[in-house]
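Contents: one structure, followed by commentary.
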Amino acid sequence: MNYSVFEYLYRDAGNYKAWGALLLEGETTEAEMARIRRHLLDNEFFIAEQIGVPVLYEQLWQQCQSEPSEELDHVWHEFCRIREATAEDRIQLPTFGTTAALVAAFEAVGKWDWALSRNYEL
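Structure representation (structure tokens):
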């Protein structure tokens with residue numbers, strides 16, 4: 465079985481970042497990458513809650529020992545890349561799902577819904 469890693473991040477308005485990586489069963493083709501990119505806002509942004517991936521802003525708040533801020537926080541996560549998983553990735557990361565399911569989650573988005581994010585109320 466081949467595996468891929470979906471890499472993404474949350475960057476607040478102060479440019480502080482929290483990184484995420486999800487291990488996915490299956491390879492990701494260039495065509496699938498293009499299908500995902502078509503659904504990103506500005507070829508980069510997505511709402512984690514809407515596609516069912518773990519949010520990273522809570523991780524950032526813990527790292528920075530801070531609370532949610534209406535001045536710094538927002539609803540958007542950033543797509544970094546999907547790459548082939550290494551042997552180390554397969555040991556360190558739990559399997560999150562499949563590449564096909566991730567592609568389908570992005571394709572199911574008709575319009576990004578800010579209200580799905582906890583940060584929408586900030």
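Per my numbering, residue 465 is the first one in the sequence shown, and the count goes up by one each step.
Yeah, the Cβ is synthetic: ideal placement off N, Cα and C, and Gly gets one too.
Please read all numbers here as calculations on a predicted model, not as lab measurements.
Residue pairing by DSSP puts Val469 in a beta bridge opposite Leu487, Arg547. Ala477 sits in coil when the DSSP states are folded into three classes, being neither helix nor strand. Here Gln529 is not near Trp576, since their CB atoms are 8 Å or more apart.
Counting along the chain, the unbroken beta strand (DSSP E) around Thr559 starts and ends at 559 to 562. Here Phe570 is not near Leu487, since their CB atoms are 8 Å or more apart. DSSP, reduced to helix, strand and coil, places Glu585 within a helical segment of the structure shown. Beta-bridge partners assigned by DSSP to His541: Phe510.
Taking 8 Å as the cut-off, the Cβ atoms of Asn466 and Glu491 count as close. For Trp525 against Glu531, the beta-carbon gap comes to about 7 Å, under 8 Å, which counts as contact. Counting only residues of its own chain and dropping the five nearest sequence neighbours on each side, Leu520 has a CB closer than 8 Å to the CB of Tyr472, Leu473, Tyr474, Ala482, Trp483, Gly484, Ala512, His541.
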